[in-house]
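Right, one structure below, let's go through it.
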Amino acid sequence: MPKWRNLFTILVFTGLFSIPLYGQNHTVTASNETVLPGASVTAAVTLDNDEGARGFSMGLAHTGSFLTLTAIEAGAVTAASNGGAGPDFEFTDVNPAGGPGGTYGVILSFGAPLDEIPVGSGNEIALFNYDCAPAAEPGSVETLDFSDALGSPPVATIISIVSGTTSASRIPIKVSGSVSVGTPAPSGLTCAISDPCAGNGSPAIGLGELSWTNGGTYDSIEVLANSSVVETLAGSATSTNYSPAGSSTVSFTVR
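Right, dumping it as C-alpha cells:
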C-alpha cells in the first residue's frame, strides 16, 4: 500500500488534520543555498509557529533541470522528537507525480505524552538533499517553491496543531527558497622556473611561471605569495610570471 494511503488512514483515525483554521500565524521557509557543478547541497525547511505543532506535511518543487532530489530527512527539531527517537510516523517521496520535487509528512507521536514542535521561529523541520549536474552553468538558479500539487493524490502543505481540545490544520505562509550554482575556484596551480637567470636580486634569483585552470569567468584573479596578494589579474588570466623579493620558500595560491 502506498505510504500516502497509510498516512491518510492514520490521519482520519487520529483526527490530526481536520478542517483548516486560520486564527494563528505559521510560516514555512525554504533556505537559499549555493552549490558547485557536480556537487551536492542540502536545503533546510524551517517553521515559525506560535502554537505547538504535532505534525506537518509539505510538497517542495524545484524549477529547471540541474537539480536532482536524492533524499528527504527529518530536520533537527523533527529528529529530536520523542526524546531523540524521532517521529512515530513519516513518509517521503522524492519522485512524486507532478514533479520535479518531493513530498514529506510527519506525525510526531501517536501515544501519550504527545510530543510537539515547540513554539518558536526557525525550527528546522526538514532537509531536502540534491545533486547538482556537472554541466550546470555557474550563475544559474533553481527556485524551491512550496507546492500543493505534488503527489497522487496531491500532498498539501499544512501544520497540525491542537487548539484547546480540537485538532486542526493550519495553512502556513509559504516562503520560497533557491539553489544557485557557484563558480568553481581556479584549480591545478603549477609553478615552474621559466628563466633561472632573470628576476629579482643580484645575482637574479630566477623567474617562475605560475599556471592554472579557471573554473569559470571571474571579475578578477588574485595571486598570493605566502598568503599576501602580490598581483591582481584580469578574470580570464590563466598564467603569470613571478620572482620573489629574496631567496626563500614561497607558497603560492590563486583565487
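For the sequence shown, the numbering used here gives the first residue as 1, with consecutive numbering after it. Ideal Cβ placement from N, Cα and C applies to all residues, glycine included.
| query | result |
| --- | --- |
| Inside the region 49-105 only - alpha helix (DSSP H) runs reaching at least 4 residues | 76-79 |
| Own chain partners of V250 with C-beta closer than 7 Å, once the 5 adjacent residues on each side are dropped | A225, N226 and P244 |
| C-beta atoms of V119 and D48 nearer than 7 Å | no |
| Sufficient close CB pairs (3 or more, under 8 Å) joining the region 83-95 to the region 26-45 | no |
| Cβ-based burial, R170 [other Cβ within 10 Å; buried from 16] | buried |
| Length-filtered (3 minimum) beta strand (DSSP E) runs lying within the region 164-228 | 166-170, 173-175, 177-181, 187-195, 207-213 and 220-225 |
| Cβ separation of S140 and F252, assumed to be a contact under 8 Å, to the nearest whole Å | 31 Å between Cβ atoms; not a contact. |
| Limits of the unbroken beta strand (DSSP E) element including F146 | V141 to F146 |
| Rounded straight-line distance, which links the Cα of A30 to that of D46 | The question names Asp, yet the displayed sequence has Thr at residue 46. Spanning the two alpha carbons is a distance of roughly 7 Å. |
| S251 (DSSP reduced to helix, strand or coil) | coil |
| Touch test, the region 98-105 against the region 52-62, Cβ-Cβ under 8 Å, three pairs minimum | yes |
| Assigned secondary structure, S236 (DSSP; H/G/I helix, E/B strand, else coil) | coil |
| Close Cβ partners of I173 (< 8 Å) along its chain, the five nearest in sequence each way excluded | N25, H26, T27 and V28 |
| S121 in three-state terms, based on DSSP | strand |
| Proximity of S163 and A97 at Cβ, strictly below 7 Å | no |
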